[in-house]
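In this note's numbering, the protein residues as written are -6 to 54. Structure first, then comments.
Put into structure tokens, the structure is as follows:
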């Protein structure tokens, strides 16, 4: 199993190099975390869901 992980990680690195992209780069990760934290804090304070959408946790499963 470890060999398969290595094979596909290596393949992703080579394919990214050929295409001129960094396949392991995670742009805007911190920004997304900060926005999520702010939205969760707003929800905990006001109780309103994002965009005032009502959602059922069972329906999300």
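Where a beta carbon is used, it is the ideal one built from N, C-alpha and C, also for glycine.
Unbroken alpha helix (DSSP H) run spanning residue i, endpoints
i: residue 77; result: Shown here, the chain extends from -6 to 54; a query on residue 77 therefore has no answer.
i: residue 11; result: -5 to 12
Option nearest residue i by Cα separation, candidates the options
i: residue 16; options: 25, 3, 40; result: 3
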